[in-house]
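Chemist:
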Amino acid sequence: MKTIHLQEAIALIPNGASLMIGGFMAVGTPERLIDELVHQGKRDLTIIANDTALPGRGIGKLVTAGLIRRTIASHIGLNPETQQQMISGKMAVDLVPQGTLIERIRAGGFGLGGILTPTGVGTVVEEGKRNIEVDGKNFLLETALRADFALVHAFLADYSGNLAYALTARNFNPVMAMAADKVIVTAEHIVPIGVIAPDHVVTPAPVVDYLVVNE
Amino acid sequence: MEAQTIIAKRIAQELRSGMLVNLGIGIPTLVANYVPQGMSVFFQSENGLIGTGPIPEEGMAHPTLTDAAGHPVSALPGSSTFDSAISFGLIRGGHLDMTVLGGLQVDSHGLLANWMIPGKMVPGMGGAMDLATGAKRVVVAMQHTAKGKPKVVPQCSLPLTSLRPVDLVVTELAVIAFPEGRATLVETAPGASVEQVISSTDAELDVPQDVPEMRV
Chain G
2 MKTIHLQEAI
12 ALIPNGASLM
22 IGGFMAVGTP
32 ERLIDELVHQ
42 GKRDLTIIAN
52 DTALPGRGIG
62 KLVTAGLIRR
72 TIASHIGLNP
82 ETQQQMISGK
92 MAVDLVPQGT
102 LIERIRAGGF
112 GLGGILTPTG
122 VGTVVEEGKR
132 NIEVDGKNFL
142 LETALRADFA
152 LVHAFLADYS
162 GNLAYALTAR
172 NFNPVMAMAA
182 DKVIVTAEHI
192 VPIGVIAPDH
202 VVTPAPVVDY
212 LVVNE
Chain X
18 MEAQTIIAKR
28 IAQELRSGML
38 VNLGIGIPTL
48 VANYVPQGMS
58 VFFQSENGLI
68 GTGPIPEEGM
78 AHPTLTDAAG
88 HPVSALPGSS
98 TFDSAISFGL
108 IRGGHLDMTV
118 LGGLQVDSHG
128 LLANWMIPGK
138 MVPGMGGAMD
148 LATGAKRVVV
158 AMQHTAKGKP
168 KVVPQCSLPL
178 TSLRPVDLVV
188 TELAVIAFPE
198 GRATLVETAP
208 GASVEQVISS
218 TDAELDVPQD
228 VPEMRV
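Quick mapping for you: the protein sequence lines, in order, are chains G and X. If you count the first sequence from 1, you need to add 1 to reach the numbering used here. If you count the second sequence from 1, you need to add 17 to reach the numbering used here.
#1: For X:VAL155, collect the residues of the same chain with a Cβ closer than 6 Å to its Cβ; drop the 5 residues on either side in sequence, then sort them by chain order.
#2: Is the CB of X:PHE59 under 7 Å away from at least one CB in chain G?
#3: How far does the beta strand (DSSP E) with X:LEU234 in it extend, from its first residue to its last?
#4: Contact defined as beta carbons within less than 8 Å: I believe G:LYS91 pairs with G:LEU68. What is the distance between those atoms, to the nearest angstrom?
#5: Interface residues of chain X around G:ALA27 at Cβ under 9 Å?
#6: Might you give, ordered along the chain, the residues of its own chain that have their beta carbon closer than 6 Å to the beta carbon of X:ALA200, omitting 5 neighbours on each side?
#7: When the distance is taken between beta carbons, is G:GLY115 closer than 7 Å to G:LEU96?
#8: Going by DSSP, name the residue or residues bridged to G:VAL122.
#9: Between which two residues does the beta strand (DSSP E) carrying X:ALA20 extend?
#10: Three-state secondary structure (DSSP) at G:VAL196?
#11: Which chain X residues sit within Cβ distance under 9 Å of G:ILE77?
#12: Give me the residue from X:PRO71, X:GLU197, X:SER104 with the minimum Cα distance to X:PRO94.
#13: For the segment 53-63 of chain X and the segment 73-90 of chain X, state whether three or more C-beta atom pairs, one from each stretch, are separated by less than 8 Å.
#14: Does DSSP put X:ALA158 in a helix, a strand or coil?
#15: Measuring CB atoms only, is the segment 31-41 of chain G touching the segment 39-49 of chain X, in the sense that at least three cross pairs come out at less than 8 Å?
#16: Going by beta-carbon coordinates alone, are X:GLY151 and X:ILE108 separated by less than 7 Å?
#17: Hey, would you say G:ILE48 sits closer than 7 Å to G:THR72, going by beta carbons?
#18: Which value, in whole angstroms, describes the spacing of the CA atoms of G:GLN85 and G:SER19?
#19: List, in chain order, every chain G residue whose beta-carbon is nearer than 8 Å to that of X:GLU63.
#20: Could you tell me which of G:VAL126, G:PHE111, G:THR53 sits nearest to G:ALA178, measuring between CA atoms?
#21: Could you tell me whether the Cβ of G:ARG105 comes closer than 7 Å to any Cβ of chain X?
#22: Might you give, ordered along the chain, the residues of its own chain that have their beta carbon closer than 6 Å to the beta carbon of G:VAL202, omitting 5 neighbours on each side?
#23: Taking the Cβ atom as the reference point for each residue, do X:VAL157 and X:LEU118 lie within a distance shorter than 7 Å?
#24: What does G:GLY90 touch in chain X if you count any residue whose Cβ is under 7 Å from its own?
#25: Please name the residue in X:VAL90, X:VAL186, X:VAL187, X:LYS168 whose C-alpha comes closest to that of X:SER216.
#26: Using only alpha-carbon positions, find the residue among G:TYR160, G:ALA180, G:VAL153 that is nearest to G:ALA167.
#27: Return the first residue and the last residue of the beta strand (DSSP E) that G:LYS138 is part of.
#28: My assumption, with CB atoms under 8 Å, is that G:ALA181 sits in contact with G:MET21. Please give the rounded CB distance.
#29: Helix or strand or just coil, what does DSSP make of X:PRO140?
#30: Should X:GLY127 be flagged as near chain G, meaning a C-beta pair shorter than 7 Å?
#31: Where does G:PHE173 fall in DSSP's three states?
#32: To the nearest angstrom, report how far apart X:LEU37 and X:LEU66 are at their CA atoms.
#33: Measuring straight from C-alpha to C-alpha, what distance separates G:ALA74 and G:ASN132?
#34: Would you mind stating whether X:GLY141 and G:HIS40 have Cβ atoms separated by less than 7 Å?
#35: Name the chain G residues whose beta carbon is nearer than 7 Å to that of X:THR46?
#36: X:ALA102 CB to nearest chain G CB: under 7 Å?
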């Protein structure tokens, strides 16, 4: 793990990169990283996230700035700008059931090719997918998802990069931290080693590539 | 009584002590207001919380304690928080006793459409498909008609949420169940006649000889 300044962290990300971004309706989203993405005008991004939040919050800021080419999410209903950009063709949107989305990300981070889920069988979600019968039950084969970068927000990070999360700000963050080539983390508090007891570490330090210093 | 109050009060009667229950957005959320006194139910919020409590008093909201719509909630004693993989493991894995979902259409076999209107409303399914597929019991809370058009129909014209039929539909006019895959009138709302329910329903309804009135 390396510590890094905010500007340098975002400078690592090229235009056209795929980003997993933690958070659920902007709760647990790394807002500083988002603000810097907008500031540096990174464009043609592919965003993998639960939702696109609201205009002015979290991923909603990337939508407003027109930086996203493709979104893979479970819900965009609370952000009318995402819907407008989807209808106008500016942004491609793949809608994925929430439980399937998190499992596809988990598969990507856990070395699996995909997962079998009953969710979506017989619905429009099944289109183009393999339906596999196991012990008399039908499942869809949903393939793994990975990204170039995961942007993760934790509550606590210790000096070595161990992470712990707060309440409902945990959501997609620890799963995404496993599923990207480079993992960039912001934390509410950066604390000495030992402050997070081993039993309370949710994301182990070795998966974190960059911890953004608090300034 | 308002339509949504009738629906929420009636669905609250389906709760049992110790259940793990997920409430969808809209009318389903109101069910939490009518938990019978002395009963302890665990409410799950799929963004990663079991033990969801009432909206906190002004000034007591915390930015990292929210419901699935991102609104501040409280956490009751005995609550737990977890990531989204565990949250949907609870939903799909047979751990969720009951979910209450909104509905756009339900067909005569209990199949639900509740996540999109092609060309008009494409918000994404969020957790609805997992909930409708994975919960042990699926209850739909919806108005009986939308702009005068019946929502219980012979076949859904809107995209389905799941191939797994729902267990119960509760509206301001009726309670409908699906024994052996057939829409069956179980109760009528106070003041609603069987004829009124039938005329507001497009699907063919099995009507037993005795249809009791909801007690709400």
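The beta carbon of each residue, even a glycine, is placed where N, CA and C say it ideally should be. Just so you know, these numbers come straight off a predicted model, no measurement behind them.
Modeler: So, to answer that:
#1: THR116, ALA149, VAL183, ASP184
#2: no
#3: The shown model of chain X, from 18 to 233, leaves out residue 234 of chain X, and the question about it has no answer.
#4: Not confirmed; about 11 Å, so no contact.
#5: GLY87, listed in chain order.
#6: Scanning its chain for C-beta atoms nearer than 6 Å, with the 5 sequence neighbours on each side dropped, one finds around X:ALA200 the residues SER125, ILE193, ALA220, LEU222, in chain order.
#7: Note that the C-beta distance between G:LEU96 and G:GLY115 is not below 7 Å.
#8: Paired residue(s): none; G:VAL122 is not in a bridge.
#9: Here X:ALA20 belongs to no beta strand (DSSP E); instead the alpha helix (DSSP H) covers 20-29.
#10: coil
#11: VAL139, PRO140, GLY141, listed in chain order.
#12: In terms of CA proximity to X:PRO94, X:PRO71 leads the group X:PRO71, X:GLU197, X:SER104.
#13: yes
#14: strand
#15: Proximity of the segment 31-41 of chain G to the segment 39-49 of chain X falls short of the contact definition, fewer than three beta-carbon pairs being nearer than 8 Å.
#16: For X:GLY151 and X:ILE108, yes; Cβs fall inside 7 Å.
#17: Closer than 7 Å, so yes.
#18: Between G:GLN85 and G:SER19, the C-alpha separation is close to 22 Å.
#19: Correct list: GLN99.
#20: G:PHE111
#21: no
#22: ASN163
#23: yes
#24: Correct list: empty, because the minimum Cβ distance to chain X is about 14 Å.
#25: X:LYS168
#26: G:VAL153
#27: 138-144
#28: By a beta-carbon distance limit of 8 Å, G:ALA181 contacts G:MET21. Their separation comes to about 5 Å.
#29: coil
#30: no
#31: In the structure shown, G:PHE173 sits in coil (DSSP, three-state: anything other than H, G, I, E or B).
#32: 11 Å
#33: Cα to Cα, the separation comes out at about 22 Å.
#34: no
#35: Result: empty, since nearest Cβ-Cβ is about 15 Å, beyond 7 Å.
#36: yes
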